[in-house]
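Data first, discussion second: the structure below is written as structure tokens.
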Amino acid sequence: MSFVKEKVNTTPIEDTVFAIVKKAKEAKAAVGAEKVVDATIGSLYNEEGTIVAFESVFTPYDHIAKETKAAYAGSFVGNDSYRQQVYDWIVKPSGSTLAHSVIATPGGTGAVAITLSEILDEGETVILPEIAWGSYKLMATMDNLNVATYALFEEDHFNLTSLKQVCRQVMEKQQKLLIVINDPCHNPTGYSLSKEEWQEVVAFLNACAKEVPIVLLNDIAYIDYAYDLPHSRDYIKTFDEFSDNVFGIIAFSCSKSLTSYGLRCGAAILLGKSEEAVRGVEIVFEKAARATWSNVPNAAMDNFTFVTTKNYDAYMKEKDGYVKLLKQRSDIFTSEADACGLAYYPYKEGFFVTVAISDNKVRDSYHEKLMEQHIYTVKVNKGIRVAVCSLSVAKCKGLAKRMKDILDTIE
1 MSFVKEKVNT TPIEDTVFAI VKKAKEAKAA VGAEKVVDAT IGSLYNEEGT IVAFESVFTP
61 YDHIAKETKA AYAGSFVGND SYRQQVYDWI VKPSGSTLAH SVIATPGGTG AVAITLSEIL
121 DEGETVILPE IAWGSYKLMA TMDNLNVATY ALFEEDHFNL TSLKQVCRQV MEKQQKLLIV
181 INDPCHNPTG YSLSKEEWQE VVAFLNACAK EVPIVLLNDI AYIDYAYDLP HSRDYIKTFD
241 EFSDNVFGII AFSCSKSLTS YGLRCGAAIL LGKSEEAVRG VEIVFEKAAR ATWSNVPNAA
301 MDNFTFVTTK NYDAYMKEKD GYVKLLKQRS DIFTSEADAC GLAYYPYKEG FFVTVAISDN
361 KVRDSYHEKL MEQHIYTVKV NKGIRVAVCS LSVAKCKGLA KRMKDILDTI E
């Protein structure tokens, strides 16, 4: 007997990240924090080892009237000022002229989830990168979708050849493609496609669109930590080359941009060649939003608008300091990895560097050996994720060599 719907995955969830976070905390209590390298936490931490909460974000949030915090948003698709500012923040700098709309969502996760649930029908296949945020696959499973994965890298660049092969295979079975590309600052490898790579992707999508409708889901959760921030949106202009049969959805996260992980505020940015195409998707997303979460926090939306307009200078100055710190940490780890021969996937920018382990059995053994030496990391497909976002500069120094020495005992 079952009290839930028949077509649903009932395997208990295993959140490996939080399980390892717990082990790291226990180790700190047992041997002292100074002897533990906790590279598990996927949030931005300062050099003192505590989570970063931008003063430029939370001071104005604290001054928002309690009545505003208590109130429903102006609409279940989000406050108009917020929707406009999300578009202006993300898309406008690129110069894109595509038809567009914005739907407020609970975090970037909400934008990804609504896309997977409303674009494909049960039994259809979503195309994901083989190294990716684990929740993509979980969401697909809960929506009774199948998953096909493309290899992320070909040597030191994006593997367009693999993406093409997988897309063609899926096109043989279904009459629509939904493709997920997490870029820039890919989680968990830290790769970002060049504008030229994006041009090649768009050209291929247009070729596929001669046969079936194509939806591109571009997850940009970490975009505001790009090392070349002024040009981080430039690639979006390549979307203007979409054919009429290609549609873009950008999943934006205030959680990362504003260090407000718990406020659950984000957006799905809809981009198409015509107002009619955008409105068709918008109608379905509007109803799904109303039926699923009803409202996104009113004060969180108002605060994003205030911070990125009237408090822009203070916010950008504060964030820039942490982007520089993030780059310092990643430079230390990658340069030392290069020096000792510790292989990692092509890293350009972002919260994570992923050590390349092609055999998942070796990865599992390696992960256990690292923990024996009080180095706590997160397993991903074909790799070990190192969260430089939460490691101090001191903890980054020497880490790559320690990890290489431990890997050598297995290989």
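Start counting the sequence shown at 1; every next residue gets the next number (the UniProt record's numbering). For glycine and all other residues, C-beta sits at the position ideal for the given N, C-alpha and C. Predicted model only: the values in this text are computed from it and were never measured.
- Note that the C-beta distance between Thr-354 and Pro-184 is not below 7 Å.
- In the three-state DSSP reduction, Ala-104 falls in the strand class (E or B).
- The residue among Gln-84, Ala-356, Asp-408 with its C-alpha nearest the C-alpha of Phe-306 is Gln-84.
- In this structure, Phe-252 keeps its C-beta atom at 7 Å or more from the C-beta atom of Ile-283.
- Leu-258 places its beta carbon less than 7 Å from that of Val-57.
- Taking the CA atoms as reference points, Val-147 sits about 41 Å from Lys-317.
- The three-state secondary structure of Glu-154, taken from DSSP, is strand.
- Around the beta carbon of Tyr-82, 16 or more other beta carbons sit within 10 angstroms, so the residue counts as buried.
- Separation of the CB atoms of Tyr-376 and Asp-15 is rounded to 15 Å, and the pair is thereby denied contact status at 8 Å.
- From the listed residues Glu-349, Ala-356, Glu-336, the smallest Cα separation to Ala-343 is found for Ala-356.
- Ranked by Cα distance from Asn-46, the options Leu-326, Met-403, Ala-400, Val-246 are led by Leu-326.
- Beta-bridge pairing by DSSP links Pro-129 to Tyr-150.
- With the rule of 3 Cβ pairs closer than 8 Å, the stretch 357-370 does not count as touching the stretch 292-310.
- Rounded to the nearest angstrom, the Cβ distance from Val-281 to Phe-239 is 15 Å, too far for a contact under 8 Å.
- Per DSSP, the continuous beta strand (DSSP E) segment holding Leu-271 begins and ends at 266-272.
- When DSSP states are grouped into helix, strand and coil, Phe-252 belongs to the strand group.
- Note that the C-beta distance between Leu-178 and Ile-119 is below 7 Å.
- Taking 7 Å as the cut-off, the beta carbon of Cys-265 is found closer than this to the beta carbon of Val-296.
- Linking Lys-7 to Leu-138 through their CA atoms gives a straight-line distance of about 14 Å.
- Shown here for Phe-333: same chain residues with a beta carbon closer than 7 Å to its own, the five before and five after excluded, namely Val-353, Val-386, Val-388, Cys-396, Leu-399, Ala-400 in chain order.
- Remark: C-beta atoms of Ala-267 and Ala-29 do not approach each other more closely than 7 Å.
- Beta-bridge analysis with DSSP links Asp-219 to Asn-182, Ala-251.
- By the neighbour-count criterion, in which 16 or more other beta carbons inside 10 Å mark a residue as buried, Asp-156 falls on the exposed side.
- Where Val-353 is concerned, the enclosing beta strand (DSSP E) starts and stops at 352-356.
- Note on geometry: alpha-carbon atoms of Asn-206 and Phe-304 lie some 35 Å from one another.
- Of the candidates Ala-73, Lys-35, His-63, Val-91, the residue whose Cα lies closest to the Cα of Leu-271 is Val-91.
- CA-to-CA, the gap between Glu-55 and Gly-74 works out to about 26 Å.
- Taking C-beta separations shorter than 6 Å and ignoring five residues to either side along the sequence, the partners of Lys-69 in its chain run Ala-299, following chain order.
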